[in-house]
Amino acid sequence: MTMGGDTVPQAVGKAAGAMPWKAFFLTWLGVAGLLVLTSLSRIATRDFFDPDDFMRLVEVRDLVGGQGWFDLAQHRLNPPYGTPMHWSRIVDAPLALVIALLTPLLGSPGAETAALVLVPMVTLGCVMALAMRIAAQFFERELAVMAGVCAALVPATLAQLNPLRIDHHGWQIACVMLAAASPVIARRAHRAALLAGAAFAVSLSISIEALPIAAAYGAILAWGWLQRPAADQRIVWFMAALATGLEVLFLATRGPSATFAWCDAIAPAHIAFFLIAATGIALAARFGPARTGFVLAALALSGAAGGAVFASMAPACLGAPFGALDPLVMKYWYGNIAEGNPVWHQGLLLASVSGLPVLAALAGLLAIRRSADAKARRFWNEYLLLFVAALLTGAMVWRSVAFAGALGAVGLGWLLSRIMAWAQYDRTASARGELPRRYLTIAAVIALFGVLTLWPESAEKSSAKPGARVDGKDADCGLPGAAALLNTLPAQTIFAPLDISPTILSLTHHAVVASNHHRANLAIRDVILAFLSPEAKARATIEGHGAGLVVICAGLTEPNNYAQDGPGGLMAQIQQGRAPVWLEPVELGQPGALKVFRVVPKTKRP
């Protein structure tokens, strides 16, 4: 964040302000290579980290296979109606491009595997480079490298930047980092504000979950305008780029006919809000007096005008984005998404492993601010406020800690470099020993965080209480291997629990009734209700969706919850080995935990 019309203060130490590109590429290749090597088994088996990664691959395959650019529906989800997805083609595009380019050389499976590795690693490189660029502006080269390593290996951030992690979170982290780094990239205030606005436009077009951090960034710039009405008008350029970028990206990725006011993604109502607010701020800056009272009134009136138009265009969106979900869906699905819950709903060990490095980063950023000169301190004041906003957002929505992890990389790198320097300090050390010691320091940091990255998944399981309602892989159903067996059956609709449905879509030619994607609200409710209900009601629901198969991965958290809360329901019967007569077991040679049943037509029932 630049300071009014000033340029960014120059670095102290060697190569002031210069990006150490050679060091970056070596560090990135080393970290990416380590991640790929430790993920080889997962890559070989397509063992994705999250159901959303499976669904992203399904979306990309459909795009490569000829589905329209503006057709964002998943037609094999809740057939024959399909389900409109809230995702963006911005994330699909690089995956589809890599697959299209490499298919002639590697074949379709090889090209897909390459995309599943290359695209997340490029995203990782973007985040590392931006953290290093910020650090290099103010500190010596070695600390910049340390910041890049920390950006890659803070557990909360790395969870979104691994091979196979092709969902949208990694790109949003990169966008937030680009906005934070915009002053050291663009240098002049108005250019930096334009770049930051464009970065947040991309991030919000990918997913609206970055809105709190974008709002915090705008609030920081608005405070600068209030403090110096004549000299600091970055908010004008930021809002102009944000509003324009949202409109352009909406037309480019959703199409001019996408007029429905969805509350969970950028829609015309959101764009209208930002356009009106940006216009009001620009007019006030251009024609109004440079006085604090006038600026405050202009901000309030512009926001109120935009808010009034938003309310008139999308009154249903004034509440929580997921407030319209069925109560059953809220209880059994959305309320049980661990990463979408606050920090106090996480296991203690998981919260500690992921949260402690971020809190350490806060200490480092505070120390940097304290030691900075007056001009640099203004930059670090604003950077620190953005970091705190990301930290508070992460406290409320756990997966958003990843933003704070990336933003805190500079502070964590500074802190670790000082600790290492203190630990290695030797008055008799010769200059010849300096270079090896620096690389030993970097290696020690990589090793330290390499260990930390192995903890979160096991920490989540070990810290969860018995019967806790959290997502998890608690049973080996062999679904990837069994997919070929399921594909020997004619293509049909499968009635399955929500968490395994994206896997079925990705690995088979079948359709599913619902998955863990909220726009299929009523279909999700039907899946939950059927598994909780007695067999007569369950049968009516399953037949109402035209399902020919019922597939269950016994032992996972989701079916166990249904069996626990509905002891007389369909899932409990199946778990106890008492499936009703209208469900005929199908033996395909699959693992015992994977239960496959054929829905016997009414005409063939005894």
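Residue numbers (the numbering used here): 29 to 634. For each residue, glycine too, the CB sits at the ideal point set by N, CA and C. These numbers come from a predicted model, not from an experiment.
Just so you know, the alpha carbons of Trp265 and His218 end up roughly 6 angstroms apart.
Under the DSSP assignment, Arg169 falls outside any beta strand (DSSP E), being part of the alpha helix (DSSP H) whose first and last residues are Arg169 to Leu181.
Between Gly225 and Ala269, the CB-CB gap stays under 8 angstroms. When DSSP reads this structure, Glu612 sits in a beta bridge with Arg626. Within a 10 Å sphere around the beta-carbon of Met160 sit 16 or more other beta-carbons, which makes this residue buried.
Selection Arg117, Val628, Ile552 and Pro595 evaluated against Gly283 yields Arg117 as nearest (Cα-Cα).
Phe167 is the residue among Ile236, Phe167, Leu384 and Ser534 whose C-alpha sits nearest the C-alpha of Pro48. With distances taken between CA atoms, Gly433 lies nearest to Leu414 out of Ala551, Ala297 and Leu414. In this structure, the CA atom of Ser399 is about 13 angstroms from the CA atom of Arg446. With fewer than 16 other CB atoms across the displayed protein chains lying within 10 angstroms of its CB, Phe98 is exposed. Fewer than three beta-carbon pairs drawn from the stretch 529–537 and the stretch 336–343 are found closer than 8 angstroms, and the two stretches are therefore not classed as touching. Going by beta carbons, Glu571 and Pro608 fall outside the 8 angstroms limit. Comparing C-alpha distances from Asp593 to each of Ala175, Ile556 and Ala621 shows the shortest one belongs to Ile556.
Taking 8 angstroms as the cut-off, the beta carbon of Val147 is found closer than this to the beta carbon of Pro122. Assignment of Ile580 by DSSP, reduced to helix, strand and coil, places it in the strand class.
Contact check for Ala164 against Ala46 passes: the beta carbons are separated by less than 8 angstroms. Contact check between the stretch 191–209 and the stretch 230–241: three or more CB pairs, one atom from each, fall below 8 angstroms, which counts as touching. For Pro112, the pairing in a beta bridge is given by DSSP as Ala101.
The alpha carbon of Glu410 has as its nearest neighbour, out of Thr421, Leu223 and Leu394, the alpha carbon of Leu394. Contact annotation: Leu254 and Leu324 have beta-carbon atoms nearer than 8 angstroms. Here Val212 carries a helix assignment [DSSP, helix/strand/coil]. The residue among Leu435, Ile71, Ala449 and Pro112 with its C-alpha nearest the C-alpha of Gly176 is Leu435.
The C-alpha of Ala179 is placed about 7 angstroms away from the C-alpha of Val155.
Rounded to whole angstroms, the separation of the alpha carbons of Val357 and Leu171 is 47 angstroms. In this structure, DSSP gives Val425 a state outside helix and strand, which the three-state scheme calls coil. For Ile304, the enclosing alpha helix (DSSP H) has its first and last residue at Pro296 to Phe315. By the criterion of a C-beta distance shorter than 8 angstroms, Leu68 is surrounded by no residue of its chain, once the five residues flanking it on both sides are discounted.
When beta bridges are read from the DSSP output, Phe523 appears opposite Val578. In the DSSP assignment, His218 falls within the alpha helix (DSSP H) that extends over Ala217 to Ile234. For Glu87, the enclosing alpha helix (DSSP H) stretches over residues Pro79 to Val92. Rounded to whole angstroms, the Cβ separation of Pro183 and Val381 is 6 angstroms, and the two are in contact under 8 angstroms.
Secondary structure note for Ala286: it is in no alpha helix (DSSP H), with a DSSP letter that is neither H nor E. About 11 angstroms separates the Cβ atoms of Val541 and Phe559, ruling out a contact at the 8 angstroms cut-off.
Inclusion of Cys581 and Ala551 in the CB contact set at 8 angstroms is not warranted, their separation being larger than that value. If you draw a 10 Å sphere on the C-beta of Asp401, you find fewer than 16 other C-beta atoms in it, and that means exposed. If you draw a straight line from the Cα of Leu192 to the Cα of Leu63, it comes to about 11 angstroms.
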